[in-house]
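Read the structure below first, then the notes.
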Amino acid sequence: MTQMDYKYSLLGSMADDYRKRPLLLQVDDTPMNLFAVLEVKREPPQRWGALSGFRRIRIYSFLFGLAVMFFITASYILTGDKKGLLLTPSPYHFSVLVSPGPLTFNLSVVKDDAHIREVVRSIASKVELGSSRHLPDLKALVNSEPHLFSVIPRKFLTGIKNPCWYEEYSGNVSSDPYRTNLYAHYSKRFRTVFQHLRSTFREHLIHRDGKAYRMRCLPYFYIIGQPKCGTTDLYDRLRLHPDVKFTTFKEPHWWTRKRFGIIRLSEGFHDRYPVEDYLDLFDQAAYQIQGNLSANVSASPSQPNVIIGK
0 MTQMDYKYSL LGSMADDYRK RPLLLQVDDT PMNLFAVLEV KREPPQRWGA
50 LSGFRRIRIY SFLFGLAVMF FITASYILTG DKKGLLLTPS PYHFSVLVSP
100 GPLTFNLSVV KDDAHIREVV RSIASKVELG SSRHLPDLKA LVNSEPHLFS
150 VIPRKFLTGI KNPCWYEEYS GNVSSDPYRT NLYAHYSKRF RTVFQHLRST
200 FREHLIHRDG KAYRMRCLPY FYIIGQPKCG TTDLYDRLRL HPDVKFTTFK
250 EPHWWTRKRF GIIRLSEGFH DRYPVEDYLD LFDQAAYQIQ GNLSANVSAS
300 PSQPNVIIGK
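Take 0 as the starting number for the sequence shown in numbering that gives the first Met the number 0 and just add one per residue.
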């Protein structure tokens with residue numbers, strides 16, 4: 000075999016081996032051309048290029064998220080010490096430079112106080128207070144709410160801070176006095192409390208001249224305020240006092256809604272809650288006041304232990 004034949008036979012065997020490999024562009028047993036070989040050899044760089052592009056996207060996304068988190072954290076840190084009202088001077092508002100005396104501090108206080116007074120004066124000048132409001136006439140008020148003033152008397156028991164009185168109970172003593180109370184239908188918690196009051200109702204009745212009387216009480220003080228103004232915080236703090244008692248429910252909403260038949264503003268009108276249902280909410284505290292009266296021989300303790308709030 001000549002040198003040329005040897006080279007040709009070597010190339011032929013390599014072509015046979017290469018033809019037996021499973022190539023992407025080879026569809027039959029014909030020898031592959033040069034362009035097919037070049038296309039096959041260019042496939043791995045394309046795949047690595049796509050993978051590197053995907054990795055770059057992931058890296059850029061991570062860096063972008065890290066930058067956003069950094070800006071959010073920095074904004075919280077920079078605004079973290081700016082709490083409280085804008086009109087309230089901060090304890091860190093004054094300069095920390097060393098001064099020869101308290102003159103700088105005093106001048107700063109006077110300046111801030113003058114600024115606050117000026118702001119309050121400007122706000123007060125823009126607020127228009129109606130001078131037409133006045134206390135209603137008592138007779139007109141009684142005529143507007145005849146049932147309310149027929150249930151609540153004009154005079155109350157002496158020696159008690161709370162406005163309490165004895166009301167004649169004309170119903171059946173053995174029946175449930177809270178069966179028609181609309182608050183019991185409104186809340187499951189009310190039903191539990193009324194069940195306890197029902198079991199001790201007859202024990203707290205006072206019989207005199209063939210008639211039965213029950214003690215009724217109204218709150219000694221009311222917590223009045225608009226929503227989100229701190230009344231709940233004041234309510235929770237007053238509850239810590241052992242002599243302060245509240246209703247069985249934090250906000251009965253009788254004066255503002257229930258007596259007009261409004262339970263929720265989105266539900267329209269319902270049956271009006273009578274004043275008797277409202278007074279039932281204070282029976283538990285009234286029982287305790289009645290117990291203090293019974294324990295005292297004179298029935299007029301000088302310093303009653305319980306006051307009712309709402």
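For every residue, glycine included, the Cβ atom is placed at its ideal position computed from N, Cα and C.
Around the CB of cysteine 216, 16 or more other CB atoms lie within 10 Å, so the residue is classed as buried.
Straight-line spacing of the CA atoms in leucine 196 and proline 162 works out to 21 Å.
Between the alpha carbons of leucine 233 and glycine 209 lies a gap of roughly 45 Å.
Linking histidine 252 to arginine 116 through their CA atoms gives a straight-line distance of about 37 Å. Shortest Cα-Cα distance from lysine 257 to any of Tyr277, Leu137, Thr179 involves Tyr277.
Taking the Cβ atoms as the reference, lysine 309 lies roughly 16 Å from proline 226, outside the contact range of under 8 Å. For histidine 206, the enclosing beta strand (DSSP E) covers residues 205-207. Residue pairing by DSSP places arginine 215 opposite Trp164 in a beta bridge. Inter-residue distance for aspartate 235 and tyrosine 221 is about 14 Å (C-alpha atoms, whole angstroms). Beta bridge pairing from DSSP links glycine 290 with no other residue. The alpha carbon of proline 273 has as its nearest neighbour, out of Leu140, Ile261, Arg213, the alpha carbon of Ile261.
By DSSP's assignment, phenylalanine 268 forms a beta bridge with Ile261.
A residue is called buried when at least 16 other Cβ atoms come within 10 angstroms of its Cβ; proline 176 meets this threshold and is buried. Listed in chain order, the non-local C-beta contacts of glutamine 289 below 7 Å within the same chain comprise His203, Met214, local neighbours out to five positions each way being set aside. For the 8 Å CB-CB criterion, phenylalanine 281 and isoleucine 307 form a contact. Spatial neighbours of lysine 244 in its own chain (CB-CB distance under 8 Å, excluding positions within 5 residues in sequence) are listed in chain order as Gln283, Ala284, Gln287, Val305, Ile306, Ile307, Gly308.
In this structure, the alpha-carbon of leucine 137 lies about 20 Å from that of threonine 255. Here phenylalanine 220 carries a strand assignment [DSSP, helix/strand/coil]. The alpha-carbon of glycine 224 is positioned some 42 Å away from that of valine 67. Residue range 187-198 is occupied by the alpha helix (DSSP H) that includes phenylalanine 189, with no beta strand (DSSP E) assigned at that position. A residue is called buried when at least 16 other Cβ atoms come within 10 angstroms of its Cβ; phenylalanine 200 meets this threshold and is buried.
Tyrosine 168 and alanine 211 do touch by the CB rule: their CB atoms are close to 5 Å apart, below 8 Å. Separation of phenylalanine 193 and glutamate 275 (C-alpha to C-alpha, rounded to the nearest whole angstrom) is 14 Å. When DSSP states are grouped into helix, strand and coil, glycine 158 belongs to the coil group. Here glycine 308 is bridged, per DSSP, to Phe220, Phe245.
Residue environment analysis places phenylalanine 69 among the exposed positions, since fewer than 16 neighbouring C-beta atoms fall within 10 angstroms of its C-beta.
Its chain contains Arg201, Leu204, Ala211 as the residues whose beta carbon lies nearer than 8 Å to that of valine 172, once the 5 sequence neighbours on both sides are disregarded; these appear in chain order. When beta bridges are read from the DSSP output, lysine 210 appears opposite Arg207. Leaving aside the five residues that flank arginine 238 on each side, the residues in its chain whose CB is nearer than 7 Å to its CB run, in chain order, Phe245. In the three-state scheme derived from DSSP, where H, G and I count as helix and E and B as strand, glutamine 283 is classed as helix. A residue is called buried when at least 16 other Cβ atoms come within 10 angstroms of its Cβ; phenylalanine 61 does not meet this threshold and is exposed.
Where tyrosine 234 is concerned, the enclosing alpha helix (DSSP H) starts and stops at 230-238.
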